[in-house]
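Engineer:
Numbering (the working numbering), first residue to last: 60 to 450.
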């Protein structure tokens, strides 16, 4: 009788070579923590002193460092040689990558290690027109692609040289509160929240928002809107240590808007948005962002940059609005539209957390993750054993 596979006996290396702190980095840390918590061995390959490195240290997850980015073939080859040493020194049973550029050196080395499955979580803008046959050949070694939503899955099927059956929608894997507790503000006040990542160092999106405030206030005044607006910049570290705090504060003081803007620091979770009347998302490079969902879970209307994923999430204007990232006028018009019709959006959002739980709850995600790890590892073992017999 064949012994049953136990994932707790396996080792997984999580590859996330980024200095950012976005949905992908948070997903990598969560995946590695989950696998460690069920008894497996998690190792994260990341940049030294990156935010992911510091957060993984808090979770006591071992890290291996790679110093360069992967923008050149030379750096990809350097990663290839480093991976060879890693695979020689320790047992690696599964590889899970969160960067497309890392798939090329990973595919190169795993072509010679058929017993190890390669998994990729896809949430990047990738221009396949510039890729060569060699890149596509190594990327095709990927056994499974995880996506956060159905339309990202469709994009992955169109873009990647692998069988569509290998592309799966896992959801975002978020922690949902037991009960939604919204803070009700006075009728004469509205709090609008914008989340700014601790890794953000570009002031341009915030400048556009701040510059639009006088026009928004004037437009609402002409419509007879009497509620006071508070624009809150939220981050998940102390603002005094954020690289944008001083330039952002100076910009606000220069425009004499300090009465309308506040700064808050909170851990990123659903609780961060429970006293929020409107969430305003800034333009990001990601296809999917967890911040939008965290706001929706708390029944908060959203105004987010227009992408197919976000339009799907808000049901084409049912739970909020979208705007073109470069169109300041559309941003102002859509913000005014939500505030003027605010009660309608609140009515539509009632019960949305139940629908989102079915798609994005962590328990569902963990079941998918466990099942795919187990299935892919067994498939690769059987494939290797069959090749040995034929040889």
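Built from N, CA and C at the ideal position, the CB exists for glycine as well.
1) Consult DSSP for residue 393 and reduce its assignment to one of helix, strand or coil.
2) Please report the straight-line C-alpha distance between residue 162 and residue 83, rounded to a whole angstrom.
3) May I have a chain-ordered list of the alpha helix (DSSP H) segments no shorter than 4 residues that lie completely inside the segment 190-222?
4) To the nearest angstrom, how far is it from the Cα of residue 97 to the Cα of residue 269?
5) Whose CA, out of 413, 314, 347, lies closest to the CA of residue 372?
6) With three or more beta-carbon pairs closer than 8 Å as the criterion, would you say the segment 411-424 touches the segment 352-369?
7) Helix, strand or coil for residue 61? Go by DSSP, reduced to three states.
8) Between which two residues does the alpha helix (DSSP H) containing residue 104 stretch?
9) Just the Cα atoms here: how many angstroms apart are residue 354 and residue 144?
10) May I ask which residues mark the beginning and end of the beta strand (DSSP E) holding residue 379?
11) According to DSSP, which residues form a beta bridge with residue 250?
12) Around the C-beta of residue 173, are 16 or more other C-beta atoms found within 10 angstroms, so that it is buried, or is it exposed?
13) Report all residues from its chain with a CB closer than 6 Å to the CB of residue 293; omit the five preceding and five following residues, and keep chain order.
14) Would you report the Cα separation of residue 67 and residue 193, rounded to the nearest angstrom?
15) If you measure from the beta carbon of residue 201 to each beta carbon in chain D, is any gap under 7 Å?
16) In terms of DSSP beta bridges, what is residue 294 paired with?
17) Put residue 28 into one of helix, strand or coil per three-state DSSP.
18) Got a sec? Which residues, its chain only, sit under 7 Å from residue 275 by beta carbon, not counting five neighbours each side?
19) With 16 other CB atoms within 10 Å as the buried threshold, where does residue 249 fall?
Structural biologist: With the given structure in hand:
1) helix
2) 15 Å
3) 192-198, 209-218
4) 46 Å
5) 347
6) yes
7) Only weak support exists for where residue 61 lies, its pLDDT of 43 falling under 50; the coordinates are left without a value.
8) Here residue 104 belongs to no alpha helix (DSSP H); instead the beta strand (DSSP E) covers 100-105.
9) One C-alpha to the other measures close to 43 Å.
10) 379-382
11) 289
12) exposed
13) So the list reads 252, 254, 323, once near-sequence residues are dropped.
14) 35 Å
15) Absent from the structure is chain D; it holds one protein chain and no more.
16) 324
17) Nothing can be reported for residue 28, as the shown portion of the chain is limited to 60 through 450.
18) Once the five neighbours on either side are set aside, the close Cβ partners of residue 275 are 391, 394, 395.
19) By the 10 Å Cβ count, residue 249 comes out buried.
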